[in-house]
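Written out below as structure tokens is the structure these notes cover.
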Amino acid sequence: MVNILSNILLLAVAATSANCAAVCEPSPTKVPEPTHTYQSCGGFRISPVPCPKGHICVDDPYKGGCGMACDMPGICVKPVFCGGFAGIQCKGGKKCVDDPRDDCDPKHGGADCGGICI
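Residues -20 to -1, 1 to 98 (mature numbering (1 follows the signal peptide of the UniProt record, and there is no 0)) make up the sequence shown, in order.
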């Protein structure tokens, strides 16, 4: 029994090290390419640009950094629901991103969070 467990452990270590050259490091997060253009809004400006009626200003998921929290401009989007428990997909090549208007955070245990299509 001990030999079987030792062999399993050796196989697991070999499989793990086969995927790593010398040191395993997480691959850098790649920012997706934008699929649509959006009006700019918010950000630290003398005259912040508001969004048209029926749109909301959100962080641009196609730009790195901390978004509007760091005075970068956001983008105006018409909030179309996606994701959630049903896994609703976006149409027209848009991507589902976390909806900033709710308290659900998919990065911190919110497995069934709803999103908006961008």
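By construction, the Cβ of each residue, glycine as well, lies at the ideal position given by its N, Cα and C atoms. Treat the numbers as computed from the prediction; the structure is a model and nothing was measured.
So residue i is in the beta strand (DSSP E); what residue range does that whole segment cover?
{"i": "Gly67", "result": "Unbroken run through Gly67: none, as it is neither H nor E."}
{"i": "Asp78", "result": "76 to 78"}
{"i": "Val38", "result": "36 to 38"}
For residue i, count neighbouring C-beta atoms within 10 Å of its own C-beta (all shown protein chains included) and say buried if the count is 16 or more, exposed if not.
{"i": "Asp79", "result": "buried"}
{"i": "Ile96", "result": "buried"}
{"i": "Gly94", "result": "buried"}
{"i": "Gly47", "result": "buried"}
{"i": "Ile26", "result": "exposed"}
{"i": "Asp92", "result": "exposed"}
{"i": "Pro6", "result": "Unreliable placement is indicated for Pro6, whose pLDDT of 48 sits below 50; the coordinate value is still reported in the next sentence. Burial call: exposed."}
{"i": "His88", "result": "exposed"}
Taking residue i as the reference, which of the options has the closest Cα?
{"i": "Cys56", "options": "Val77, Asp92, Lys75, Gly22", "result": "Gly22"}
{"i": "Asp82", "options": "Pro41, Lys75, Pro59", "result": "Pro59"}
{"i": "Tyr18", "options": "Gly90, Pro32, Gln69", "result": "Pro32"}
{"i": "Pro86", "options": "Lys74, Lys71, Gly67", "result": "Gly67"}
{"i": "Ile98", "options": "Gly45, Lys75, Asp92, His88", "result": "Lys75"}
{"i": "Asp51", "options": "Pro28, Phe24, Gly73", "result": "Phe24"}
Going by the beta-carbon positions, is the gap between residue i and residue j smaller than 9 Å?
{"i": "Gly63", "j": "Val38", "result": "no"}
{"i": "His16", "j": "Gly73", "result": "yes"}
Just list the residues that DSSP pairs residue i with in beta bridges.
{"i": "Phe61", "result": "Ile96"}
{"i": "Gly54", "result": "Cys21"}
Closer than 8 Å: is that where the CB of residue i sits relative to any heavy atom of the ligand ZN?
{"i": "Ile98", "result": "The ligand ZN is not among the ligands present in this structure, which contains no ligands whatsoever."}
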